[in-house]
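Input: a single structure, listed below in C-alpha coordinates.
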Amino acid sequence: MNKKKIRIGVVGLGGIGGFVGGLLANHYHRGSSVEVIFICRGATLEKILQNGLDLETKGQILNVHPAIAAEKPEDIGLLDLLIIAVKTYSLRQVLQRYITCLGEHSIVISLQNSVNAKNEISQIITHSHILDGCIYVASNVAAPGVVKHLGGPGKIYFGTSINADAYKWLEKTFRVAGINASFTANIQEVLWQKFLFVSPVAAITSAYGKTFGELTKEPYTGQLRRMMQEIYELASAKGICLSESAKDDALKMMEKFPYETKSSMQLDYEHGRPTEIEALVEFVVKSSSRYNLPAQEYKKIYHNIQQQYGY
(Lines of atoms letter the chains of each structure in order from A and count residues from 1; the text may use other names and numbers.)
(Lines give C-alpha, C1' and ligand atoms only; values in the text may rest on other atoms or scores of the structure.)
Protein backbone atom coordinates (compact mmCIF):
# COMPACT_ATOMS: atom_id res chain seq x y z
CA MET A 1 0.00 0.00 0.00
CA ASN A 2 1.77 3.13 -1.23
CA LYS A 3 -0.80 5.82 -0.45
CA LYS A 4 0.24 8.51 1.99
CA LYS A 5 -3.06 8.28 3.83
CA ILE A 6 -4.92 5.00 4.39
CA ARG A 7 -8.64 5.51 5.03
CA ILE A 8 -10.28 2.80 7.15
CA GLY A 9 -14.02 2.81 7.76
CA VAL A 10 -15.68 0.75 10.50
CA VAL A 11 -19.42 0.34 10.05
CA GLY A 12 -21.35 -0.82 13.10
CA LEU A 13 -19.96 0.45 16.40
CA GLY A 14 -21.37 -2.36 18.53
CA GLY A 15 -19.39 -4.96 20.43
CA ILE A 16 -17.15 -6.00 17.54
CA GLY A 17 -16.94 -2.70 15.67
CA GLY A 18 -16.38 -0.78 18.89
CA PHE A 19 -13.57 -3.13 19.90
CA VAL A 20 -11.75 -3.09 16.55
CA GLY A 21 -12.50 0.54 15.74
CA GLY A 22 -11.60 1.62 19.26
CA LEU A 23 -8.14 0.06 19.10
CA LEU A 24 -7.54 1.46 15.61
CA ALA A 25 -8.55 4.99 16.62
CA ASN A 26 -6.58 4.73 19.86
CA HIS A 27 -3.37 4.19 17.91
CA TYR A 28 -3.99 6.09 14.70
CA HIS A 29 -4.65 9.61 15.89
CA ARG A 30 -5.80 12.45 13.71
CA GLY A 31 -3.03 13.51 11.38
CA SER A 32 -1.38 10.07 11.27
CA SER A 33 -0.82 7.97 8.15
CA VAL A 34 -4.07 6.11 8.80
CA GLU A 35 -7.42 7.86 8.99
CA VAL A 36 -10.04 5.96 11.02
CA ILE A 37 -13.70 6.65 10.24
CA PHE A 38 -16.56 5.50 12.45
CA ILE A 39 -19.75 4.91 10.45
CA CYS A 40 -22.69 4.99 12.83
CA ARG A 41 -25.93 6.81 13.61
CA GLY A 42 -28.35 7.91 16.31
CA ALA A 43 -27.29 8.02 19.94
CA THR A 44 -23.99 6.26 19.18
CA LEU A 45 -22.99 8.90 16.65
CA GLU A 46 -24.06 11.70 18.99
CA LYS A 47 -21.98 10.27 21.86
CA ILE A 48 -18.89 9.81 19.71
CA LEU A 49 -19.12 13.31 18.22
CA GLN A 50 -19.46 14.85 21.67
CA ASN A 51 -17.22 12.70 23.87
CA GLY A 52 -15.58 10.02 21.75
CA LEU A 53 -15.96 6.23 22.06
CA ASP A 54 -15.20 4.55 25.38
CA LEU A 55 -13.65 1.08 25.12
CA GLU A 56 -13.13 -0.88 28.32
CA THR A 57 -10.49 -3.53 27.70
CA LYS A 58 -7.82 -5.29 29.77
CA GLY A 59 -8.57 -3.28 32.89
CA GLN A 60 -8.42 0.13 31.30
CA ILE A 61 -10.88 2.52 29.66
CA LEU A 62 -9.77 4.01 26.37
CA ASN A 63 -11.49 7.18 25.26
CA VAL A 64 -10.88 7.47 21.54
CA HIS A 65 -11.77 9.96 18.84
CA PRO A 66 -11.82 8.91 15.19
CA ALA A 67 -10.76 11.25 12.42
CA ILE A 68 -14.37 11.26 11.25
CA ALA A 69 -17.63 9.98 12.74
CA ALA A 70 -20.56 10.16 10.34
CA GLU A 71 -23.62 8.45 8.92
CA LYS A 72 -23.97 10.00 5.47
CA PRO A 73 -21.86 8.51 2.64
CA GLU A 74 -20.99 11.99 1.36
CA ASP A 75 -19.42 12.80 4.75
CA ILE A 76 -17.36 9.61 4.70
CA GLY A 77 -15.83 9.65 1.23
CA LEU A 78 -13.86 6.97 -0.58
CA LEU A 79 -12.41 4.24 1.65
CA ASP A 80 -9.36 2.04 1.24
CA LEU A 81 -10.76 -0.49 3.71
CA LEU A 82 -14.28 -1.05 4.99
CA ILE A 83 -14.63 -3.27 8.06
CA ILE A 84 -18.18 -4.58 8.34
CA ALA A 85 -19.24 -5.17 11.94
CA VAL A 86 -23.02 -4.87 11.70
CA LYS A 87 -25.29 -7.82 12.42
CA THR A 88 -25.92 -10.15 9.50
CA TYR A 89 -29.54 -9.05 9.06
CA SER A 90 -28.36 -5.46 8.35
CA LEU A 91 -25.71 -6.41 5.78
CA ARG A 92 -27.65 -5.77 2.57
CA GLN A 93 -28.98 -2.41 3.72
CA VAL A 94 -25.51 -1.25 4.82
CA LEU A 95 -23.86 -2.27 1.54
CA GLN A 96 -26.49 -0.50 -0.54
CA ARG A 97 -26.14 2.67 1.51
CA TYR A 98 -22.33 2.87 1.42
CA ILE A 99 -21.58 1.42 -2.01
CA THR A 100 -20.43 4.86 -3.20
CA CYS A 101 -17.68 4.82 -0.54
CA LEU A 102 -16.05 1.85 -2.27
CA GLY A 103 -13.92 2.02 -5.41
CA GLU A 104 -12.15 -0.53 -7.57
CA HIS A 105 -9.15 -0.58 -5.20
CA SER A 106 -11.18 -0.64 -1.99
CA ILE A 107 -11.08 -3.70 0.27
CA VAL A 108 -14.04 -5.02 2.24
CA ILE A 109 -13.62 -7.32 5.25
CA SER A 110 -16.61 -8.74 7.09
CA LEU A 111 -16.19 -9.68 10.75
CA GLN A 112 -19.72 -11.04 11.05
CA ASN A 113 -20.84 -14.34 12.54
CA SER A 114 -21.31 -15.97 9.17
CA VAL A 115 -19.61 -18.39 6.79
CA ASN A 116 -21.53 -16.94 3.85
CA ALA A 117 -20.80 -13.20 4.15
CA LYS A 118 -18.46 -12.93 1.16
CA ASN A 119 -21.04 -14.48 -1.16
CA GLU A 120 -23.71 -12.10 0.06
CA ILE A 121 -21.43 -9.06 -0.23
CA SER A 122 -20.38 -10.06 -3.75
CA GLN A 123 -23.99 -9.92 -4.91
CA ILE A 124 -24.03 -6.16 -4.24
CA ILE A 125 -20.40 -5.01 -4.30
CA THR A 126 -19.00 -6.15 -7.65
CA HIS A 127 -16.23 -3.62 -8.15
CA SER A 128 -14.14 -3.94 -4.95
CA HIS A 129 -11.93 -6.58 -3.32
CA ILE A 130 -13.82 -8.69 -0.78
CA LEU A 131 -12.04 -10.74 1.87
CA ASP A 132 -13.45 -13.25 4.30
CA GLY A 133 -12.81 -12.53 7.95
CA CYS A 134 -13.76 -13.34 11.53
CA ILE A 135 -12.86 -12.35 15.07
CA TYR A 136 -12.70 -14.22 18.38
CA VAL A 137 -13.92 -11.81 21.02
CA ALA A 138 -16.71 -11.37 23.56
CA SER A 139 -17.66 -7.71 23.81
CA ASN A 140 -20.90 -5.81 24.05
CA VAL A 141 -22.41 -2.36 24.21
CA ALA A 142 -22.88 -1.07 27.75
CA ALA A 143 -24.42 2.17 26.44
CA PRO A 144 -24.35 4.06 23.14
CA GLY A 145 -20.68 4.71 22.39
CA VAL A 146 -19.52 2.60 25.34
CA VAL A 147 -18.14 -0.88 24.61
CA LYS A 148 -16.90 -3.50 27.08
CA HIS A 149 -14.43 -6.23 26.09
CA LEU A 150 -15.56 -9.14 28.26
CA GLY A 151 -13.25 -11.93 27.14
CA GLY A 152 -11.69 -13.80 24.28
CA PRO A 153 -8.35 -13.02 22.65
CA GLY A 154 -9.60 -10.35 20.25
CA LYS A 155 -7.95 -12.26 17.44
CA ILE A 156 -8.80 -11.37 13.82
CA TYR A 157 -8.34 -13.73 10.90
CA PHE A 158 -8.82 -12.54 7.35
CA GLY A 159 -7.72 -13.68 3.94
CA THR A 160 -8.19 -15.10 0.50
CA SER A 161 -6.49 -17.75 -1.59
CA ILE A 162 -6.13 -15.36 -4.54
CA ASN A 163 -3.35 -12.75 -4.87
CA ALA A 164 -2.47 -13.03 -1.20
CA ASP A 165 0.56 -10.72 -1.33
CA ALA A 166 -1.66 -7.75 -2.21
CA TYR A 167 -3.28 -7.83 1.23
CA LYS A 168 -0.40 -8.52 3.60
CA TRP A 169 -0.06 -4.81 4.46
CA LEU A 170 -3.39 -5.05 6.27
CA GLU A 171 -1.91 -7.44 8.80
CA LYS A 172 0.76 -4.92 9.76
CA THR A 173 -1.79 -2.09 9.91
CA PHE A 174 -3.86 -4.02 12.45
CA ARG A 175 -0.92 -5.28 14.51
CA VAL A 176 0.69 -1.86 14.89
CA ALA A 177 -2.58 -0.74 16.49
CA GLY A 178 -2.42 -3.58 19.01
CA ILE A 179 -4.86 -5.87 17.22
CA ASN A 180 -3.78 -9.48 16.94
CA ALA A 181 -4.52 -10.09 13.24
CA SER A 182 -3.37 -12.80 10.88
CA PHE A 183 -3.73 -13.13 7.14
CA THR A 184 -4.38 -16.68 5.96
CA ALA A 185 -4.96 -18.26 2.58
CA ASN A 186 -6.95 -20.98 4.38
CA ILE A 187 -9.61 -18.58 5.56
CA GLN A 188 -12.52 -20.92 4.76
CA GLU A 189 -11.26 -23.49 7.26
CA VAL A 190 -10.82 -20.74 9.86
CA LEU A 191 -14.36 -19.42 9.27
CA TRP A 192 -15.90 -22.85 9.65
CA GLN A 193 -13.81 -23.58 12.74
CA LYS A 194 -15.25 -20.46 14.35
CA PHE A 195 -18.75 -21.24 13.09
CA LEU A 196 -18.47 -24.67 14.68
CA PHE A 197 -18.04 -22.77 17.95
CA VAL A 198 -20.28 -19.74 17.65
CA SER A 199 -23.34 -21.28 15.98
CA PRO A 200 -24.08 -24.08 18.49
CA VAL A 201 -23.21 -21.84 21.44
CA ALA A 202 -25.54 -19.08 20.18
CA ALA A 203 -28.34 -21.59 19.62
CA ILE A 204 -28.12 -23.33 23.00
CA THR A 205 -27.62 -20.18 25.08
CA SER A 206 -30.61 -18.58 23.34
CA ALA A 207 -32.86 -21.63 23.60
CA TYR A 208 -32.20 -22.36 27.27
CA GLY A 209 -31.01 -19.04 28.70
CA LYS A 210 -27.67 -20.47 29.81
CA THR A 211 -24.25 -18.81 30.07
CA PHE A 212 -21.02 -20.06 28.52
CA GLY A 213 -19.98 -21.50 31.86
CA GLU A 214 -23.18 -23.48 32.23
CA LEU A 215 -22.63 -25.00 28.77
CA THR A 216 -19.49 -26.72 30.08
CA LYS A 217 -21.73 -29.05 32.13
CA GLU A 218 -24.15 -31.80 31.15
CA PRO A 219 -26.62 -32.09 29.57
CA TYR A 220 -25.57 -29.03 27.56
CA THR A 221 -22.05 -30.23 26.78
CA GLY A 222 -23.45 -33.37 25.15
CA GLN A 223 -25.86 -31.39 23.02
CA LEU A 224 -23.10 -28.93 22.15
CA ARG A 225 -20.89 -31.76 20.91
CA ARG A 226 -23.69 -33.24 18.81
CA MET A 227 -24.41 -29.87 17.20
CA MET A 228 -20.72 -29.35 16.53
CA GLN A 229 -20.67 -32.72 14.82
CA GLU A 230 -23.51 -31.59 12.55
CA ILE A 231 -21.51 -28.47 11.62
CA TYR A 232 -18.48 -30.68 11.00
CA GLU A 233 -20.51 -32.88 8.66
CA LEU A 234 -21.93 -29.87 6.79
CA ALA A 235 -18.48 -28.37 6.33
CA SER A 236 -17.21 -31.69 5.02
CA ALA A 237 -20.10 -31.87 2.54
CA LYS A 238 -19.08 -28.42 1.29
CA GLY A 239 -15.48 -29.53 0.83
CA ILE A 240 -14.14 -27.80 3.95
CA CYS A 241 -11.74 -30.04 5.84
CA LEU A 242 -11.73 -29.31 9.55
CA SER A 243 -9.24 -31.01 11.84
CA GLU A 244 -10.18 -34.06 13.91
CA SER A 245 -9.61 -31.95 17.02
CA ALA A 246 -11.94 -29.16 15.85
CA LYS A 247 -14.72 -29.96 18.33
CA ASP A 248 -12.35 -30.36 21.29
CA ASP A 249 -10.59 -27.12 20.35
CA ALA A 250 -13.92 -25.28 20.26
CA LEU A 251 -14.91 -26.59 23.69
CA LYS A 252 -11.55 -25.58 25.14
CA MET A 253 -11.97 -22.10 23.71
CA MET A 254 -15.34 -21.70 25.43
CA GLU A 255 -13.67 -22.36 28.78
CA LYS A 256 -11.49 -19.29 28.25
CA PHE A 257 -14.48 -16.97 28.41
CA PRO A 258 -15.83 -15.74 31.76
CA TYR A 259 -18.41 -18.14 33.26
CA GLU A 260 -21.22 -15.57 33.07
CA THR A 261 -20.65 -14.68 29.37
CA LYS A 262 -23.77 -14.64 27.23
CA SER A 263 -23.88 -14.99 23.46
CA SER A 264 -24.73 -11.98 21.30
CA MET A 265 -27.85 -13.68 19.95
CA GLN A 266 -28.96 -14.54 23.47
CA LEU A 267 -28.64 -10.89 24.55
CA ASP A 268 -30.58 -9.77 21.49
CA TYR A 269 -33.44 -12.10 22.36
CA GLU A 270 -33.40 -10.97 25.99
CA HIS A 271 -33.67 -7.32 24.95
CA GLY A 272 -36.26 -7.86 22.22
CA ARG A 273 -33.93 -6.90 19.39
CA PRO A 274 -33.61 -8.50 15.92
CA THR A 275 -31.36 -11.56 15.98
CA GLU A 276 -28.98 -13.47 13.73
CA ILE A 277 -30.96 -16.70 13.86
CA GLU A 278 -31.06 -16.90 10.05
CA ALA A 279 -27.27 -16.83 9.72
CA LEU A 280 -26.47 -18.91 12.80
CA VAL A 281 -29.21 -21.56 12.94
CA GLU A 282 -31.56 -21.49 9.96
CA PHE A 283 -28.59 -21.51 7.56
CA VAL A 284 -27.43 -24.83 9.05
CA VAL A 285 -30.89 -26.41 8.84
CA LYS A 286 -31.44 -25.36 5.22
CA SER A 287 -27.90 -26.12 4.05
CA SER A 288 -27.94 -29.55 5.71
CA SER A 289 -31.20 -30.33 3.94
CA ARG A 290 -29.64 -29.50 0.56
CA TYR A 291 -26.88 -32.03 1.27
CA ASN A 292 -29.32 -34.63 2.62
CA LEU A 293 -27.84 -34.38 6.12
CA PRO A 294 -30.24 -35.04 9.01
CA ALA A 295 -29.10 -32.23 11.38
CA GLN A 296 -31.54 -33.49 14.00
CA GLU A 297 -30.11 -31.44 16.86
CA TYR A 298 -30.25 -28.23 14.84
CA LYS A 299 -33.81 -28.90 13.71
CA LYS A 300 -34.85 -29.55 17.30
CA ILE A 301 -33.28 -26.42 18.74
CA TYR A 302 -34.44 -24.30 15.79
CA HIS A 303 -38.01 -25.42 16.54
CA ASN A 304 -37.45 -24.70 20.24
CA ILE A 305 -36.37 -21.11 19.51
CA GLN A 306 -39.24 -20.58 17.08
CA GLN A 307 -41.76 -21.77 19.67
CA GLN A 308 -40.20 -19.76 22.47
CA TYR A 309 -39.73 -16.44 20.70
CA GLY A 310 -42.35 -16.67 17.98
CA TYR A 311 -39.83 -16.42 15.17
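Every position in the sequence shown, counted from 1, becomes a number in the numbering used here once 317 is added.
Glycine included, C-beta positions come from ideal geometry on N, C-alpha and C.
On a predicted model such as this, the values are computed, not experimentally measured, just so you know.
Straight-line CA distance for residue i to residue j?
i, j, result
"I426", "E577", "30 Å"
"L428", "N368", "26 Å"
"R414", "E535", "46 Å"
"E614", "E391", "47 Å"
"A567", "L362", "36 Å"
"S605", "V351", "43 Å"
"S431", "G348", "35 Å"
"Q440", "L395", "20 Å"
"K579", "G339", "22 Å"
"A342", "F336", "10 Å"
"A483", "E561", "32 Å"
"L402", "V602", "Per the sequence shown, the amino acid found at residue 402 is Ala instead of Leu. So the two alpha carbons sit approximately 24 Å from each other."
"E595", "E373", "30 Å"
"K555", "R607", "11 Å"
Output the boundary residues of the alpha helix (DSSP H) element that contains residue i.
i, result
"E506", "504-525"
"H344", "332-344"
"A360", "359-368"
Under DSSP, the beta strand (DSSP E) around residue i begins and ends at which residues?
i, result
"S499", "498-500"
"E352", "351-356"
"R542", "Per DSSP, R542 belongs to no beta strand (DSSP E); it is in the alpha helix (DSSP H), 537-554."
Buried or exposed: which applies to residue i, given that a residue is buried once 16 or more other Cβ atoms fall within 10 Å of its Cβ?
i, result
"V381", "buried"
"T443", "exposed"
"R324", "buried"
"A460", "exposed"
"T417", "exposed"
"P591", "exposed"
"P575", "exposed"
"I378", "exposed"
"Q625", "exposed"
"K364", "buried"
"P517", "buried"
Please report the Cβ distance between residue i and residue j, rounded to the nearest whole angstrom; I am assuming they are in contact, meaning their Cβ atoms lie under 8 Å.
i, j, result
"H466", "S456", "5 Å"
"H344", "V493", "7 Å"
"Q510", "L541", "Not quite, the Cβ-Cβ distance comes to about 15 Å (not below 8 Å), so this is no contact."
"G462", "L370", "5 Å"
"L610", "A563", "Contact doesn't hold; Cβ gap of about 17 Å is too wide."
"M544", "A520", "7 Å"
What runs of the beta strand (DSSP E), each 3 residues or longer, lie entirely inside the segment 432-478? 446-460, 463-476
My parser needs the alpha helix (DSSP H) runs of 4 or more residues fully inside the segment 580-622; what are they? 581-587, 600-607
Quick check on the DSSP output: what are the complete alpha helix (DSSP H) runs of length 4 or more inside the segment 365-427, in order along the chain? 390-393, 408-415
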